[in-house]
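*Asks:* Here it is: the structure, laid out below.
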Amino acid sequence: MFEVDLLLVQPWIYDFSAHDFWLKPYGLLKLGGLLRKKGYTLGFVDLLDPFHPELPKRPKRKPFGTGFFYKEPIPKPSPFLDVPRRYFRYGLPYPLAKKELLKYKPKAVLISITMTYWYPGLFVLLKLLQEVFGEIPVFVGGIYVRLLKEHLQAFLEKEGFLHVFPVECKDYEEAVQLIEERIKPSGHPYPFDYPIFDLQREIPYVILMTSEGCPYRCPYCASYKLYGGFKAYPIEKILEEIIFWHREHKVVDFAFYDDALLYDFENHLKPLLEAIIDLGLKVRFHTPNAIHARFIDEEVAKVLKLSGFTTVRLGLERMEKRFDAKVSIDEFISAIHCLRKAGFREDNLGAYVIFGIPYEDYNEVEKTLHFLFEFGVQPYIAEFSPVPGTPFFKLCQEVSRYPIDEDPIFHNKSIFPAVKKPDWERIQAIKNLAREMRRRLTSAS
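Quick note on numbering: numbering that gives the first Met the number 0 labels position 396 of the sequence shown as 395, and the sequence is numbered without any gaps.
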(Lines of atoms letter the chains of each structure in order from A; the text may use other names.)
(Lines give C-alpha, C1' and ligand atoms only; values in the text may rest on other atoms or scores of the structure.)
Protein backbone atom coordinates (compact mmCIF):
# COMPACT_ATOMS: atom_id res chain seq x y z
CA MET A 0 0.00 0.00 0.00
CA PHE A 1 1.28 3.46 -0.94
CA GLU A 2 0.87 6.17 1.68
CA VAL A 3 0.44 9.50 -0.13
CA ASP A 4 -0.63 12.99 0.82
CA LEU A 5 -3.08 13.26 -2.06
CA LEU A 6 -4.72 10.78 -4.40
CA LEU A 7 -5.91 12.28 -7.69
CA VAL A 8 -8.69 10.35 -9.42
CA GLN A 9 -10.11 10.58 -12.94
CA PRO A 10 -13.77 9.39 -12.78
CA TRP A 11 -15.56 7.00 -15.09
CA ILE A 12 -17.65 8.37 -17.95
CA TYR A 13 -21.29 7.27 -18.12
CA ASP A 14 -22.47 8.10 -21.62
CA PHE A 15 -23.65 6.88 -25.01
CA SER A 16 -20.21 7.49 -26.50
CA ALA A 17 -16.71 8.48 -25.40
CA HIS A 18 -13.37 8.34 -27.20
CA ASP A 19 -9.81 9.12 -26.24
CA PHE A 20 -9.55 12.01 -28.67
CA TRP A 21 -6.70 13.55 -26.67
CA LEU A 22 -8.96 13.43 -23.62
CA LYS A 23 -7.26 14.05 -20.28
CA PRO A 24 -8.24 15.86 -17.03
CA TYR A 25 -5.76 18.63 -17.76
CA GLY A 26 -6.78 20.84 -14.86
CA LEU A 27 -6.41 18.00 -12.36
CA LEU A 28 -3.03 16.97 -13.76
CA LYS A 29 -1.78 20.56 -13.78
CA LEU A 30 -2.90 21.08 -10.19
CA GLY A 31 -1.10 17.87 -9.31
CA GLY A 32 2.10 19.22 -10.83
CA LEU A 33 1.89 22.42 -8.81
CA LEU A 34 1.26 20.48 -5.60
CA ARG A 35 4.09 18.03 -6.27
CA LYS A 36 6.52 20.92 -6.59
CA LYS A 37 5.34 22.06 -3.15
CA GLY A 38 6.42 18.70 -1.70
CA TYR A 39 3.14 16.78 -1.74
CA THR A 40 3.40 13.04 -2.36
CA LEU A 41 0.86 12.01 -4.98
CA GLY A 42 -0.93 9.02 -6.40
CA PHE A 43 -3.01 9.02 -9.58
CA VAL A 44 -5.78 6.57 -10.44
CA ASP A 45 -7.18 6.97 -13.94
CA LEU A 46 -10.48 5.11 -14.10
CA LEU A 47 -10.44 5.60 -17.90
CA ASP A 48 -6.95 4.06 -18.27
CA PRO A 49 -6.96 2.23 -21.65
CA PHE A 50 -3.55 0.67 -20.93
CA HIS A 51 -4.37 -1.21 -17.73
CA PRO A 52 -2.97 -4.75 -18.12
CA GLU A 53 -5.93 -6.35 -16.30
CA LEU A 54 -8.64 -5.01 -18.60
CA PRO A 55 -10.77 -7.87 -19.98
CA LYS A 56 -10.07 -6.54 -23.47
CA ARG A 57 -7.42 -4.07 -24.62
CA PRO A 58 -9.10 -1.08 -26.31
CA LYS A 59 -7.99 -0.35 -29.86
CA ARG A 60 -5.50 2.47 -30.26
CA LYS A 61 -5.38 4.85 -33.22
CA PRO A 62 -2.73 7.17 -34.68
CA PHE A 63 -1.13 10.00 -32.71
CA GLY A 64 -2.02 8.62 -29.28
CA THR A 65 -5.81 8.56 -29.67
CA GLY A 66 -8.05 5.53 -29.36
CA PHE A 67 -10.93 3.94 -27.49
CA PHE A 68 -11.76 3.29 -23.85
CA TYR A 69 -12.80 -0.02 -22.39
CA LYS A 70 -16.57 0.02 -21.91
CA GLU A 71 -19.34 -2.05 -20.38
CA PRO A 72 -23.07 -1.64 -21.13
CA ILE A 73 -25.18 -0.38 -18.24
CA PRO A 74 -28.91 0.37 -17.97
CA LYS A 75 -29.94 3.44 -19.90
CA PRO A 76 -31.48 6.25 -17.81
CA SER A 77 -35.25 5.88 -18.13
CA PRO A 78 -35.85 9.32 -19.73
CA PHE A 79 -33.68 8.23 -22.66
CA LEU A 80 -35.71 5.23 -23.75
CA ASP A 81 -36.61 7.09 -26.95
CA VAL A 82 -32.92 7.41 -27.88
CA PRO A 83 -31.95 4.47 -30.13
CA ARG A 84 -28.49 4.02 -28.65
CA ARG A 85 -26.85 1.92 -25.94
CA TYR A 86 -25.49 3.41 -22.72
CA PHE A 87 -22.10 2.51 -21.25
CA ARG A 88 -19.73 2.93 -18.36
CA TYR A 89 -16.38 3.85 -19.92
CA GLY A 90 -13.27 2.87 -18.02
CA LEU A 91 -12.12 0.18 -15.63
CA PRO A 92 -14.61 -2.48 -14.52
CA TYR A 93 -15.91 -1.70 -11.03
CA PRO A 94 -13.93 -4.46 -9.22
CA LEU A 95 -10.72 -3.40 -10.95
CA ALA A 96 -11.32 0.24 -10.05
CA LYS A 97 -11.77 -0.72 -6.40
CA LYS A 98 -8.59 -2.80 -6.54
CA GLU A 99 -6.64 0.19 -7.86
CA LEU A 100 -7.94 2.50 -5.14
CA LEU A 101 -7.06 -0.02 -2.43
CA LYS A 102 -3.39 0.31 -3.38
CA TYR A 103 -3.30 3.74 -1.73
CA LYS A 104 -3.68 5.26 1.71
CA PRO A 105 -4.19 8.99 1.07
CA LYS A 106 -4.84 11.88 3.42
CA ALA A 107 -7.27 13.37 0.89
CA VAL A 108 -8.63 12.78 -2.62
CA LEU A 109 -8.85 15.25 -5.51
CA ILE A 110 -11.31 14.73 -8.38
CA SER A 111 -12.09 16.73 -11.51
CA ILE A 112 -15.12 16.37 -13.77
CA THR A 113 -15.70 18.14 -17.06
CA MET A 114 -19.07 17.66 -18.77
CA THR A 115 -22.13 18.47 -16.69
CA TYR A 116 -23.90 15.28 -17.82
CA TRP A 117 -21.03 13.02 -16.71
CA TYR A 118 -21.99 13.41 -13.06
CA PRO A 119 -23.39 9.83 -12.72
CA GLY A 120 -19.84 8.47 -12.89
CA LEU A 121 -18.75 10.97 -10.24
CA PHE A 122 -21.59 10.03 -7.89
CA VAL A 123 -20.77 6.32 -8.12
CA LEU A 124 -17.11 7.12 -7.51
CA LEU A 125 -17.87 9.19 -4.40
CA LYS A 126 -19.73 6.25 -2.87
CA LEU A 127 -16.86 3.91 -3.73
CA LEU A 128 -14.31 6.29 -2.21
CA GLN A 129 -16.26 6.37 1.05
CA GLU A 130 -16.36 2.57 1.08
CA VAL A 131 -12.62 2.31 0.49
CA PHE A 132 -11.23 5.28 2.45
CA GLY A 133 -13.97 6.21 4.88
CA GLU A 134 -14.63 9.89 5.40
CA ILE A 135 -11.29 11.42 4.45
CA PRO A 136 -11.59 14.80 2.70
CA VAL A 137 -12.56 14.65 -0.97
CA PHE A 138 -12.24 17.80 -3.09
CA VAL A 139 -14.24 17.94 -6.34
CA GLY A 140 -13.53 20.54 -9.01
CA GLY A 141 -13.87 21.00 -12.75
CA ILE A 142 -16.29 22.62 -15.17
CA TYR A 143 -19.32 20.72 -13.83
CA VAL A 144 -18.73 22.14 -10.36
CA ARG A 145 -18.06 25.65 -11.63
CA LEU A 146 -21.28 25.69 -13.65
CA LEU A 147 -23.58 23.64 -11.40
CA LYS A 148 -22.21 23.59 -7.88
CA GLU A 149 -25.73 23.54 -6.45
CA HIS A 150 -26.50 20.26 -8.23
CA LEU A 151 -23.52 18.53 -6.65
CA GLN A 152 -24.30 20.13 -3.29
CA ALA A 153 -27.83 18.69 -3.36
CA PHE A 154 -26.44 15.17 -3.90
CA LEU A 155 -23.90 15.56 -1.09
CA GLU A 156 -26.59 16.72 1.34
CA LYS A 157 -28.87 13.86 0.35
CA GLU A 158 -26.12 11.28 0.90
CA GLY A 159 -24.77 12.95 4.03
CA PHE A 160 -21.33 13.36 2.46
CA LEU A 161 -20.01 16.04 4.80
CA HIS A 162 -16.44 15.11 3.89
CA VAL A 163 -16.83 16.01 0.19
CA PHE A 164 -16.13 19.62 -0.77
CA PRO A 165 -17.03 21.27 -4.10
CA VAL A 166 -14.15 23.50 -5.16
CA GLU A 167 -14.64 26.74 -7.09
CA CYS A 168 -11.35 28.58 -7.54
CA LYS A 169 -10.56 31.45 -9.86
CA ASP A 170 -7.12 30.04 -10.63
CA TYR A 171 -4.67 27.25 -9.78
CA GLU A 172 -2.91 29.33 -7.12
CA GLU A 173 -6.15 29.63 -5.16
CA ALA A 174 -6.70 25.87 -5.45
CA VAL A 175 -3.19 25.16 -4.17
CA GLN A 176 -3.74 27.50 -1.23
CA LEU A 177 -7.01 25.74 -0.38
CA ILE A 178 -5.21 22.39 -0.19
CA GLU A 179 -2.29 23.84 1.78
CA GLU A 180 -4.68 25.13 4.45
CA ARG A 181 -6.01 21.61 5.06
CA ILE A 182 -3.23 19.15 4.19
CA LYS A 183 0.48 19.61 4.83
CA PRO A 184 3.04 18.12 2.42
CA SER A 185 5.20 15.26 3.72
CA GLY A 186 7.66 14.92 0.86
CA HIS A 187 10.42 16.90 -0.78
CA PRO A 188 9.75 19.62 -3.38
CA TYR A 189 9.83 18.31 -6.95
CA PRO A 190 12.03 20.24 -9.41
CA PHE A 191 9.24 20.81 -11.98
CA ASP A 192 5.61 21.86 -11.79
CA TYR A 193 4.55 20.31 -15.11
CA PRO A 194 1.24 18.40 -15.18
CA ILE A 195 1.68 14.89 -13.80
CA PHE A 196 1.44 12.97 -17.08
CA ASP A 197 4.37 10.87 -15.86
CA LEU A 198 2.14 9.28 -13.19
CA GLN A 199 0.11 7.61 -15.94
CA ARG A 200 0.80 4.02 -16.93
CA GLU A 201 1.83 5.28 -20.38
CA ILE A 202 2.17 8.74 -21.94
CA PRO A 203 0.68 8.48 -25.46
CA TYR A 204 0.48 12.27 -25.70
CA VAL A 205 0.72 15.44 -23.63
CA ILE A 206 -1.82 18.25 -23.38
CA LEU A 207 -0.68 21.86 -23.74
CA MET A 208 -2.37 25.15 -22.98
CA THR A 209 -0.66 28.36 -24.08
CA SER A 210 -3.61 30.50 -23.00
CA GLU A 211 -6.95 30.41 -21.26
CA GLY A 212 -10.27 31.86 -22.31
CA CYS A 213 -11.35 33.35 -25.62
CA PRO A 214 -11.87 36.90 -26.95
CA TYR A 215 -15.13 35.81 -28.61
CA ARG A 216 -18.49 35.17 -26.99
CA CYS A 217 -20.25 32.54 -29.08
CA PRO A 218 -23.82 31.88 -27.89
CA TYR A 219 -23.24 28.15 -27.33
CA CYS A 220 -19.88 28.37 -25.50
CA ALA A 221 -19.11 28.86 -21.79
CA SER A 222 -15.50 29.96 -22.21
CA TYR A 223 -16.24 33.56 -21.31
CA LYS A 224 -18.33 32.51 -18.32
CA LEU A 225 -15.54 30.24 -17.06
CA TYR A 226 -12.55 32.48 -17.67
CA GLY A 227 -13.98 35.98 -18.01
CA GLY A 228 -11.69 36.88 -20.90
CA PHE A 229 -8.46 35.90 -22.63
CA LYS A 230 -5.11 35.41 -20.91
CA ALA A 231 -1.89 34.27 -22.59
CA TYR A 232 0.71 32.21 -20.72
CA PRO A 233 4.48 32.87 -20.99
CA ILE A 234 5.77 31.17 -24.12
CA GLU A 235 9.17 30.42 -22.58
CA LYS A 236 7.60 28.09 -20.02
CA ILE A 237 5.54 26.29 -22.68
CA LEU A 238 8.68 25.70 -24.73
CA GLU A 239 10.53 24.30 -21.70
CA GLU A 240 7.63 21.94 -21.06
CA ILE A 241 7.58 20.63 -24.63
CA ILE A 242 11.34 20.06 -24.55
CA PHE A 243 11.05 18.25 -21.20
CA TRP A 244 8.37 15.80 -22.30
CA HIS A 245 9.98 15.19 -25.68
CA ARG A 246 13.53 14.63 -24.46
CA GLU A 247 12.94 13.05 -21.05
CA HIS A 248 9.87 10.93 -21.86
CA LYS A 249 10.10 10.56 -25.66
CA VAL A 250 6.69 12.17 -26.19
CA VAL A 251 6.00 13.03 -29.83
CA ASP A 252 2.32 13.97 -29.85
CA PHE A 253 1.09 17.18 -28.22
CA ALA A 254 -2.52 18.40 -28.26
CA PHE A 255 -3.45 22.03 -27.63
CA TYR A 256 -6.48 22.69 -25.42
CA ASP A 257 -6.55 26.45 -26.12
CA ASP A 258 -9.89 27.99 -27.07
CA ALA A 259 -8.15 30.68 -29.15
CA LEU A 260 -4.78 29.21 -30.12
CA LEU A 261 -4.09 31.56 -33.05
CA TYR A 262 -5.20 34.77 -31.36
CA ASP A 263 -2.39 37.37 -31.40
CA PHE A 264 -0.30 34.87 -33.39
CA GLU A 265 2.63 37.22 -34.06
CA ASN A 266 3.30 37.88 -30.39
CA HIS A 267 2.23 34.58 -28.89
CA LEU A 268 2.20 31.28 -30.76
CA LYS A 269 4.55 32.26 -33.58
CA PRO A 270 7.63 32.74 -31.33
CA LEU A 271 6.96 29.35 -29.74
CA LEU A 272 6.67 27.54 -33.06
CA GLU A 273 9.72 29.29 -34.51
CA ALA A 274 11.71 28.09 -31.50
CA ILE A 275 10.45 24.54 -32.14
CA ILE A 276 11.61 24.82 -35.75
CA ASP A 277 15.02 26.25 -34.79
CA LEU A 278 15.59 23.44 -32.27
CA GLY A 279 14.69 20.82 -34.85
CA LEU A 280 12.26 19.05 -32.51
CA LYS A 281 10.49 16.18 -34.29
CA VAL A 282 7.08 16.54 -32.69
CA ARG A 283 3.47 16.47 -33.87
CA PHE A 284 0.88 19.02 -32.83
CA HIS A 285 -2.89 18.48 -32.81
CA THR A 286 -5.84 20.83 -32.29
CA PRO A 287 -8.87 18.91 -30.98
CA ASN A 288 -10.36 22.30 -30.07
CA ALA A 289 -11.12 24.15 -33.28
CA ILE A 290 -8.75 26.94 -34.31
CA HIS A 291 -10.00 30.17 -35.86
CA ALA A 292 -9.77 30.12 -39.65
CA ARG A 293 -9.91 33.93 -39.66
CA PHE A 294 -6.34 34.11 -38.36
CA ILE A 295 -4.83 31.80 -40.98
CA ASP A 296 -2.88 33.40 -43.82
CA GLU A 297 0.03 32.04 -45.86
CA GLU A 298 2.63 32.87 -43.22
CA VAL A 299 0.62 31.31 -40.38
CA ALA A 300 -0.05 28.17 -42.42
CA LYS A 301 3.63 27.83 -43.30
CA VAL A 302 4.75 28.12 -39.67
CA LEU A 303 2.12 25.60 -38.56
CA LYS A 304 3.32 23.11 -41.15
CA LEU A 305 7.05 23.53 -40.51
CA SER A 306 6.65 23.21 -36.74
CA GLY A 307 4.83 19.88 -36.93
CA PHE A 308 1.10 20.55 -36.94
CA THR A 309 -0.51 17.31 -38.07
CA THR A 310 -4.17 17.46 -37.03
CA VAL A 311 -5.79 20.80 -37.87
CA ARG A 312 -9.42 21.22 -36.89
CA LEU A 313 -11.20 24.40 -37.93
CA GLY A 314 -14.42 25.83 -36.58
CA LEU A 315 -17.00 26.45 -39.29
CA GLU A 316 -20.23 25.52 -37.47
CA ARG A 317 -22.47 26.43 -40.45
CA MET A 318 -22.17 27.55 -44.06
CA GLU A 319 -25.26 29.75 -43.89
CA LYS A 320 -27.66 30.90 -41.16
CA ARG A 321 -24.65 31.55 -38.95
CA PHE A 322 -24.99 32.45 -35.29
CA ASP A 323 -21.45 33.61 -34.50
CA ALA A 324 -18.97 36.12 -35.92
CA LYS A 325 -15.81 34.03 -35.72
CA VAL A 326 -15.33 33.57 -39.44
CA SER A 327 -16.96 34.36 -42.78
CA ILE A 328 -17.20 31.84 -45.60
CA ASP A 329 -14.67 33.84 -47.64
CA GLU A 330 -12.24 33.81 -44.71
CA PHE A 331 -12.72 30.07 -44.29
CA ILE A 332 -12.06 29.37 -47.98
CA SER A 333 -8.98 31.59 -47.88
CA ALA A 334 -7.67 29.69 -44.85
CA ILE A 335 -8.10 26.36 -46.66
CA HIS A 336 -6.19 27.64 -49.69
CA CYS A 337 -3.35 28.84 -47.44
CA LEU A 338 -3.18 25.52 -45.59
CA ARG A 339 -3.14 23.63 -48.89
CA LYS A 340 -0.36 25.80 -50.23
CA ALA A 341 1.67 25.13 -47.08
CA GLY A 342 1.44 21.38 -47.69
CA PHE A 343 -1.47 20.22 -45.55
CA ARG A 344 -3.41 17.31 -47.07
CA GLU A 345 -6.94 16.01 -46.72
CA ASP A 346 -5.97 13.70 -43.87
CA ASN A 347 -4.61 16.69 -41.91
CA LEU A 348 -7.61 18.98 -42.29
CA GLY A 349 -11.03 18.83 -40.69
CA ALA A 350 -13.81 21.21 -39.69
CA TYR A 351 -16.52 20.99 -37.08
CA VAL A 352 -20.17 21.32 -38.08
CA ILE A 353 -22.47 21.89 -35.13
CA PHE A 354 -25.59 19.71 -35.21
CA GLY A 355 -28.63 19.69 -32.96
CA ILE A 356 -29.08 23.37 -32.15
CA PRO A 357 -32.50 24.83 -31.30
CA TYR A 358 -34.76 24.96 -34.37
CA GLU A 359 -32.34 22.74 -36.27
CA ASP A 360 -32.39 22.73 -40.08
CA TYR A 361 -31.23 19.30 -41.30
CA ASN A 362 -30.84 20.56 -44.85
CA GLU A 363 -28.47 23.31 -43.72
CA VAL A 364 -26.28 20.74 -41.96
CA GLU A 365 -26.12 18.56 -45.08
CA LYS A 366 -25.34 21.61 -47.22
CA THR A 367 -22.42 22.46 -44.96
CA LEU A 368 -21.07 18.90 -45.17
CA HIS A 369 -21.13 19.01 -48.97
CA PHE A 370 -19.42 22.41 -48.95
CA LEU A 371 -16.55 21.02 -46.87
CA PHE A 372 -16.27 17.90 -49.00
CA GLU A 373 -15.97 19.96 -52.18
CA PHE A 374 -13.03 21.83 -50.65
CA GLY A 375 -11.34 18.63 -49.49
CA VAL A 376 -11.91 19.24 -45.78
CA GLN A 377 -13.03 16.36 -43.59
CA PRO A 378 -16.40 17.18 -41.97
CA TYR A 379 -16.80 16.34 -38.29
CA ILE A 380 -20.20 16.48 -36.63
CA ALA A 381 -20.13 18.35 -33.31
CA GLU A 382 -23.34 17.45 -31.53
CA PHE A 383 -24.77 20.36 -29.58
CA SER A 384 -24.88 20.24 -25.79
CA PRO A 385 -26.60 23.10 -23.93
CA VAL A 386 -24.20 24.75 -21.48
CA PRO A 387 -25.72 26.51 -18.45
CA GLY A 388 -25.25 30.25 -18.46
CA THR A 389 -25.08 30.64 -22.24
CA PRO A 390 -27.66 32.28 -24.54
CA PHE A 391 -28.25 28.98 -26.33
CA PHE A 392 -29.11 27.31 -23.02
CA LYS A 393 -31.98 29.73 -22.55
CA LEU A 394 -33.09 29.13 -26.12
CA CYS A 395 -32.86 25.39 -25.58
CA GLN A 396 -35.14 25.63 -22.56
CA GLU A 397 -37.88 26.88 -24.89
CA VAL A 398 -37.72 23.92 -27.27
CA SER A 399 -36.24 20.97 -25.40
CA ARG A 400 -38.34 17.90 -24.76
CA TYR A 401 -36.47 17.55 -21.46
CA PRO A 402 -36.34 19.77 -18.34
CA ILE A 403 -32.70 20.73 -18.96
CA ASP A 404 -32.70 23.23 -16.10
CA GLU A 405 -33.66 20.54 -13.56
CA ASP A 406 -31.14 17.78 -14.26
CA PRO A 407 -27.83 18.13 -16.16
CA ILE A 408 -28.12 14.59 -17.45
CA PHE A 409 -30.40 16.17 -20.05
CA HIS A 410 -27.45 18.19 -21.40
CA ASN A 411 -26.06 15.06 -23.08
CA LYS A 412 -25.23 15.85 -26.70
CA SER A 413 -26.13 12.34 -27.89
CA ILE A 414 -29.82 12.79 -27.03
CA PHE A 415 -30.10 15.96 -29.15
CA PRO A 416 -31.67 17.82 -26.22
CA ALA A 417 -32.43 21.00 -28.19
CA VAL A 418 -34.47 19.16 -30.83
CA LYS A 419 -38.17 18.89 -30.00
CA LYS A 420 -38.84 15.79 -32.09
CA PRO A 421 -35.61 14.22 -33.34
CA ASP A 422 -35.78 12.39 -36.65
CA TRP A 423 -33.36 9.66 -35.61
CA GLU A 424 -33.15 8.11 -39.08
CA ARG A 425 -32.27 11.47 -40.62
CA ILE A 426 -29.80 12.20 -37.83
CA GLN A 427 -28.03 8.88 -38.37
CA ALA A 428 -28.03 9.42 -42.14
CA ILE A 429 -26.27 12.78 -41.69
CA LYS A 430 -23.70 11.21 -39.37
CA ASN A 431 -23.12 8.43 -41.89
CA LEU A 432 -22.73 10.99 -44.67
CA ALA A 433 -20.01 12.83 -42.74
CA ARG A 434 -18.25 9.54 -41.98
CA GLU A 435 -18.34 8.45 -45.62
CA MET A 436 -17.02 11.82 -46.77
CA ARG A 437 -14.09 11.50 -44.38
CA ARG A 438 -13.37 7.99 -45.63
CA ARG A 439 -13.36 9.09 -49.25
CA LEU A 440 -11.16 12.12 -48.59
CA THR A 441 -8.55 10.26 -46.54
CA SER A 442 -8.41 7.25 -48.87
CA ALA A 443 -7.68 9.60 -51.77
CA SER A 444 -4.93 11.56 -50.00
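All C-beta atoms, glycine included, are put in the ideal place defined by N, C-alpha and C.
What are the residues that DSSP puts in a beta bridge with Glu71?
*Replies:* Indexing the sequence shown from 1 puts residue 71 at position 72. Paired residues: Arg88.
*Asks:* Out of Pro136, Leu147, His187 and Leu368, which one is the CA nearest neighbour of His162?
*Replies:* On the sequence shown, position 163 is the one that residue 162 refers to. Here the closest residue by C-alpha is Pro136.
*Asks:* According to the neighbour-count rule (16 or more other Cβ atoms, all chains shown, within 10 Å of its Cβ), is Ser327 buried or exposed?
*Replies:* Counted from its first residue, the sequence shown places residue 327 at position 328. By the 10 Å Cβ count, Ser327 comes out exposed.
*Asks:* Can you tell which of Phe374, Glu235, Ala259 and Pro194 has the C-alpha that lies nearest to the C-alpha of Tyr226?
*Replies:* Stepping through the sequence shown from its first residue, residue 226 is reached at position 227. The option with the nearest alpha carbon to Tyr226 is Ala259.
*Asks:* Got a sec? Which residues, its chain only, sit under 8 Å from Glu397 by beta carbon, not counting five neighbours each side?
*Replies:* Position 398 of the sequence shown, counted from the first residue, corresponds to residue 397. Excluding positions up to five away in sequence, the list reads Pro357.
*Asks:* Can you tell which of Leu109, Asp14 and Leu271 has its C-alpha closest to the C-alpha of Arg181?
*Replies:* Sequence index remark: in the sequence shown, residue 181 carries index 182 (1-based). Among Leu109, Asp14 and Leu271, the Cα nearest to that of Arg181 belongs to Leu109.
*Asks:* Counting C-beta neighbours from all protein chains within 10 Å, is the total for Asp252 16 or more, i.e. buried, or is it exposed?
*Replies:* Residue numbering aside, residue 252 sits at position 253 when the sequence shown is read from its first letter. Under this definition Asp252 is a buried residue.
*Asks:* I'd like the ranges of any beta strand (DSSP E) spanning at least 3 consecutive residues and lying wholly in the region 154–237.
*Replies:* Complete beta strand (DSSP E) runs here, min 3: 163–165 and 205–207.
*Asks:* Quick test of your reading: Leu46 and Ala96, contact by CB under 8 Å. State the CB separation rounded to the nearest angstrom.
*Replies:* Against the sequence shown, residue 46 aligns to sequence position 47. Against the sequence shown, residue 96 aligns to sequence position 97. Confirmed, about 5 Å.
*Asks:* Give the straight-line distance between the Cα atoms of Lys70 and His18, rounded to the nearest whole angstrom.
*Replies:* The sequence position of residue 70 within the sequence shown is 71, counting from 1. The sequence position of residue 18 within the sequence shown is 19, counting from 1. If you take the alpha carbons of Lys70 and His18, they lie about 10 Å apart.
*Asks:* Decide if the region 40–57 is in contact with the region 83–103; the criterion is three or more beta carbon pairs, one per stretch, under 8 Å apart.
*Replies:* Result yes; three or more Cβ-Cβ pairs closer than 8 Å.
*Asks:* Check the C-beta distance from Tyr101 over to Gly42 and give it rounded, since I have them as a contact under 8 Å.
*Replies:* For the purposes of this step, residue 101 is identified with residue 102 of the sequence shown, where counting begins at 1. For the purposes of this step, residue 42 is identified with residue 43 of the sequence shown, where counting begins at 1. Residue identity check: residue 101 is Leu in the sequence provided, not Tyr. Going by Cβ atoms, the distance from Leu101 to Gly42 rounds to 12 Å, so no, they are not a contact pair.
*Asks:* Does the contact criterion of 3 or more C-beta pairs under 8 Å hold for the region 126–144 versus the region 203–216?
*Replies:* Too few Cβ pairs lie closer than 8 Å, so no.
*Asks:* Could you say which of Ile12, Glu240 and Pro105 lies nearest to Val250 if we only look at CA atoms?
*Replies:* Here the question's residue 250 lines up with position 251 in the sequence shown. Of the candidates Ile12, Glu240 and Pro105, the one whose C-alpha sits nearest the C-alpha of Val250 is Glu240.
*Asks:* Alpha helix (DSSP H) containing Glu359: first to last residue?
*Replies:* Numbered from its first residue, the sequence shown carries residue 359 at position 360. Element bounds for Glu359: n/a, residue is neither H nor E.
*Asks:* At the level of alpha carbons, what is the spacing between Pro74 and Phe294?
*Replies:* Working through the sequence shown from its first residue, we reach residue 74 at position 75. Working through the sequence shown from its first residue, we reach residue 294 at position 295. Cα to Cα, the separation comes out at about 45 Å.
*Asks:* May I have the straight-line CA-CA distance separating Arg339 from Asp406, to the nearest angstrom?
*Replies:* Mapped onto the sequence shown, residue 339 falls at position 340. Mapped onto the sequence shown, residue 406 falls at position 407. Whole-angstrom Cα-Cα distance: 45 Å.
*Asks:* Which residues mark the beginning and the end of the alpha helix (DSSP H) in which Val302 is found?
*Replies:* Against the sequence shown, residue 302 aligns to sequence position 303. Residues Glu297 to Ser306.
*Asks:* Kindly give me the distance between the Cβ atoms of Gly349 and Gln377, rounded to whole angstroms, as I take these residues to be in contact under 8 Å.
*Replies:* Indexing the sequence shown from 1 puts residue 349 at position 350. Indexing the sequence shown from 1 puts residue 377 at position 378. With 8 Å as the limit, Gly349 and Gln377 qualify as a contact, their Cβ atoms being about 4 Å apart.
*Asks:* How big is the Cα-Cα spacing for Pro387 and Met114?
*Replies:* Residue mapping note: residue 387 aligns to position 388 of the sequence shown, counting from 1. Residue mapping note: residue 114 aligns to position 115 of the sequence shown, counting from 1. In a straight line, the C-alpha of Pro387 is about 11 Å away from that of Met114.
*Asks:* In the region 97–121, which residue ranges form an unbroken beta strand (DSSP E) of at least 3 residues, counting only runs that do not cross its ends?
*Replies:* Entirely contained in the region 97–121, the beta strand (DSSP E) runs reaching 3 residues are, in chain order, 103–111.
*Asks:* For the candidate residues Phe191, His291 and Thr286, whose alpha-carbon lies nearest to that of Ser466?
*Replies:* It is not possible to answer for residue 466, since the shown part of the chain is limited to 0 through 444.
*Asks:* Considering only residues of the same chain and omitting the five flanking positions on each side of Gly26, which have a CB-CB separation below 6 Å?
*Replies:* As a first step, residue 26 must be located in the sequence shown, where it is residue number 27. Result list for Gly26: Ser111, in chain order.
*Asks:* Would Lys36 pass as a contact of Asp192 if the rule is Cβ separation under 8 Å?
*Replies:* Within the sequence shown, the letter at position 37 stands for residue 36. Within the sequence shown, the letter at position 193 stands for residue 192. Yes, these two residues count as a Cβ contact at 8 Å.
*Asks:* Mind checking Phe160: buried by the 16 CB within 10 Å criterion, or exposed?
*Replies:* As a working mapping, residue 160 is identified with position 161 in the sequence shown. Flag for Phe160 reads buried.
*Asks:* My understanding is that Phe164 touches Phe138, with C-beta atoms under 8 Å, so please give their C-beta distance in whole angstroms.
*Replies:* As a first step, residue 164 must be located in the sequence shown, where it is residue number 165. As a first step, residue 138 must be located in the sequence shown, where it is residue number 139. That belief holds up - the Cβ atoms of Phe164 and Phe138 are roughly 5 Å apart, short of 8 Å.
*Asks:* What distance in whole Å lies between the Cβ atoms of Leu124 and Val8, which are believed to be in contact at a cut-off of 8 Å?
*Replies:* In the sequence shown, counting from the first residue as 1, residue 8 sits at position 9. In the sequence shown, counting from the first residue as 1, residue 124 sits at position 125. Yes, Val8 and Leu124 are in contact; Cβ-Cβ is about 7 Å, under 8 Å.
*Asks:* CB His267 to CB Ala231, shorter than 8 Å?
*Replies:* Along the sequence shown, read from residue 1 onward, the residue named residue 267 stands at position 268. Along the sequence shown, read from residue 1 onward, the residue named residue 231 stands at position 232. A contact, by the Cβ cut-off of 8 Å.
*Asks:* Considering just the uninterrupted stretch of the alpha helix (DSSP H) at Leu28, what are its terminal residues?
*Replies:* Numbered from 1 along the sequence shown, position 29 holds the residue referred to as residue 28. Its alpha helix (DSSP H) spans residues Tyr25 to Lys36.
*Asks:* Specify the secondary structure class of Asp422 as computed by DSSP and reduced to three states.
*Replies:* Locating residue 422 in the sequence shown gives position 423, counting from the first residue. The answer is coil: DSSP assigns Asp422 none of H, G, I, E or B.
*Asks:* For the alpha helix (DSSP H) that Asp277 lies in, which residues bound it at each end?
*Replies:* For the purposes of this step, residue 277 is taken as residue 278 along the sequence shown, with counting starting at 1. It spans Leu268 to Leu278 - the alpha helix (DSSP H) in which Asp277 sits, taken as one unbroken run.
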